[in-house]
Amino acid sequence: MAGAKRGILLVLCLAVVLVALGSGGVEARKRGKQSLGFYELRRGEFSMVVTNWGATILSVRLPDKNGHIDDVVLGYKNIGSYVNDTTYFGALVGRVANRIAGGRFTIRDHAYHTYRNDGNNTLHGGHRGFNQVFWSVRERVTGEFPHITFAYRSYDGEQGFPGNLDVLVTYKIDGDCSYSVTMYARPLDKPTPVNLAQHTYWNLRGHGNGTVLRHAVQIFASAVTPVGRGLIPTGAVTPVAGTPFDFRAPAAPGAHIAEVEGGYDINYVLDGETDGQGVRKVAVVSEADSGRVMELWADQPGLQFYTGNMLKGDEGKGGAVYPKYAGMCLETQDYPDAVHEPAFPAEVYRPGQLYKHYMLYKFSISK
64 MAGAKRGILL VLCLAVVLVA LGSGGVEARK RGKQSLGFYE LRRGEFSMVV
114 TNWGATILSV RLPDKNGHID DVVLGYKNIG SYVNDTTYFG ALVGRVANRI
164 AGGRFTIRDH AYHTYRNDGN NTLHGGHRGF NQVFWSVRER VTGEFPHITF
214 AYRSYDGEQG FPGNLDVLVT YKIDGDCSYS VTMYARPLDK PTPVNLAQHT
264 YWNLRGHGNG TVLRHAVQIF ASAVTPVGRG LIPTGAVTPV AGTPFDFRAP
314 AAPGAHIAEV EGGYDINYVL DGETDGQGVR KVAVVSEADS GRVMELWADQ
364 PGLQFYTGNM LKGDEGKGGA VYPKYAGMCL ETQDYPDAVH EPAFPAEVYR
414 PGQLYKHYML YKFSISK
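To convert, count from 1 in the sequence shown and add 63; that's our numbering.
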């Protein structure tokens with residue numbers, strides 16, 4: 064009952080705040096103890112806007128080969144549309160990203176039941192996961208390399224997960240056309256699964272400019288974790304060679320998407336040598352018309368590749384309408400449903416253990 068009342072209050076709080084996105088400014092609206100803010104990080108022509116509602120990325124703007132600046136991430140036209148959103152546009156999702164089969168798991172012989180918001184399964188932390196809460200601003204720094212850190216205390220029993228959990232995420236512009244996302248989480252009193260993910264939808268032609276089916280995608284992975292009913296992994300790890308899931312060389316998603324039921328939505332088992340800190344290049348996306356190229360570097364074992372299969376003419380920023388395949392997500396993560404698969408990398412953290420997840424996006428123009 065307390066959780067339901069809390070959710071209703073958050074909906075009422077945000078439903079009255081209809082703020083057009085993309086203004087590039089900073090605005091805060093206070094409602095009781097909560098404060099809704101929009102924060103721009105800028106370095107030259109490269110900029111991004113984030114909000115503490117769901118620690119969400121609202122826009123990323125950069126020039127194309129002709130110097131024209133576009134916003135290359137999908138998003139809603141006003142903040143009210145993010146309330147009860149099920150597309151997860153730009154959100155920080157958790158406590159456990161992706162799916163937990165049956166909405167239940169066991170730790171030390173104790174069964175936990177999480178909110179089932181995807182059929183019989185839990186998806187991205189439940190009905191009101193980390194994308195549906197206010198985060199506080201822990202630190203904000205302007206200047207040559209601006210950054211902002213959001214913090215959230217997830218309480219014991221939130222969406223059914225055990226223990227109190229402190230979570231931080233920092234968005235930082237690291238260079239002329241690059242930014243990083245650094246996520247930390249630390250259980251305070253009980254073992255709990257943790258698997259955070261950043262859920263931005265990308266279209267390098269500019270949001271609202273058609274589909275991503277002709278983008279060139281390269282994923283540095285030789286295998287995937289195949290799924291069965293409800294997109295739950297079977298527990299197997301299978302090679303991508305000779306299948307529509309093979310993106311080891313750059314390929315357009317549209318080339319074989321008809322062979323993939325519903326479109327791409329699967330976890331890749333990442334290859335590659337790290338830089339000594341566990342970080343390696345995991346994907347490269349390019350788009351010929353704009354000349355834009357995006358490299359993704361990260362330190363997680365998996366990458367969920369999703370082609371916006373559930374978009375159905377969603378109304379976006381600036382009057383844009385997002386059809387199916389209007390954007391793609393590249394979500395570095397632990398493997399889905401790892402709480403039920405002993406062979407997958409473990410995602411249960413004990414009190415005092417530190418979860419860390421680092422991503423680096425590098426943008427350039429192809430010659």
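Using N, Cα and C, we set each Cβ at its ideal position, and we do this for glycine too. In this text the structure is predicted, and so the values were computed from the model without any measurement.
Spatial neighbours of residue i in its chain, beta-carbon cut-off 6 Å, leaving aside the 5 residues before and after
i           : result
residue 369 : 328, 392
residue 190 : 178, 180
residue 253 : 225, 226
Beta-carbon proximity list for residue i, same chain, < 7 Å, skipping 5 on both sides
i           : result
residue 266 : 135, 137, 272, 275, 389, 390
residue 407 : 398, 401
residue 218 : 227
Separation of residue j from residue i, as counted between CA atoms
i           : j           : result
residue 49  : residue 411 : There is no way to answer for residue 49, as the model of the chain reaches only from 64 to 430.
residue 194 : residue 354 : 32 Å
residue 405 : residue 361 : 23 Å
residue 196 : residue 221 : 11 Å
residue 311 : residue 285 : 7 Å
residue 213 : residue 246 : 10 Å
residue 239 : residue 318 : 33 Å
residue 339 : residue 384 : 43 Å
residue 90  : residue 201 : Bear in mind that the predicted position of residue 90 carries a pLDDT of just 43, short of 50, making it too unreliable to give a figure here.
residue 426 : residue 242 : 9 Å
residue 396 : residue 107 : 31 Å
residue 325 : residue 372 : 6 Å
residue 348 : residue 263 : 14 Å
residue 41  : residue 334 : Residue 41 cannot be examined here, being either before or after the span of the chain that is shown, 64 to 430.
residue 186 : residue 237 : 31 Å
residue 332 : residue 365 : 5 Å
residue 208 : residue 183 : 44 Å
residue 235 : residue 423 : 9 Å
residue 289 : residue 419 : 26 Å
Close Cβ partners of residue i (< 8 Å) along its chain, the five nearest in sequence each way excluded
i           : result
residue 144 : 378
residue 168 : 174, 175, 177, 256, 402, 403
Opposing strand residues paired with residue i [DSSP bridges]
i           : result
residue 394 : 367
residue 111 : 104, 123
residue 132 : 126
residue 427 : 356
Element boundaries [beta strand (DSSP E), containing residue i]
i           : result
residue 210 : 210–217
residue 244 : 241–250
residue 287 : 284–288
residue 360 : 355–361
residue 228 : 228–238
residue 261 : 260–262
residue 253 : It is not in any beta strand (DSSP E) - residue 253 carries neither H nor E in the DSSP assignment.
**Message:** For the region 115–124 against the region 145–159, do three or more pairs of beta-carbon atoms, one drawn from each stretch, fall closer than 8 Å, so that the two count as touching?
**Reply:** yes
**Prompt:** Are at least three pairs of beta-carbons, each pair with one atom in the region 291–298 and one in the region 153–160, less than 8 Å apart?
**Reply:** no
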